[in-house]
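In the working numbering, the protein residues as written are 56 to 123. We put the beta carbon where it would ideally sit given N, CA and C, even for glycine. Keep in mind that this is a model prediction, so the values were computed, not measured.
Shown next, in the form of structure tokens:
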């Protein structure tokens, strides 16, 4: 498993994949296609999968898009 970020709270595990200048959906697809969340399925917690994409627009502003 090589997910970019994993965060765990009392009730939830967040599996987060990051992309730059691609798409949030592509990041989420990678979580699903590579089964990153499977390692946490038996822990008895909710597992949230989040794909995030960062890009820099023409004004040099950082833009974040995400999907779960």
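Exposed or buried, residue i, counting other C-beta atoms within 10 Å across all chains shown (16 or more means buried)?
i           : result
residue 62  : exposed
residue 58  : buried
residue 118 : exposed
residue 72  : buried
residue 83  : buried
Anyone know if the C-beta pair for residue i and residue j falls short of 8 Å?
i          : j           : result
residue 76 : residue 110 : yes
residue 79 : residue 120 : yes
residue 41 : residue 104 : In the structure as shown, the chain starts at 56 and stops at 123, and residue 41 therefore has no counterpart that could be examined.
What whole-angstrom Cβ distance do residue i and residue j have, given they're in contact under 8 Å?
i           : j          : result
residue 102 : residue 68 : 5 Å
Just verifying my parser: in three-state terms, what is the DSSP assignment at residue i?
i           : result
residue 113 : coil
residue 88  : helix
residue 59  : coil
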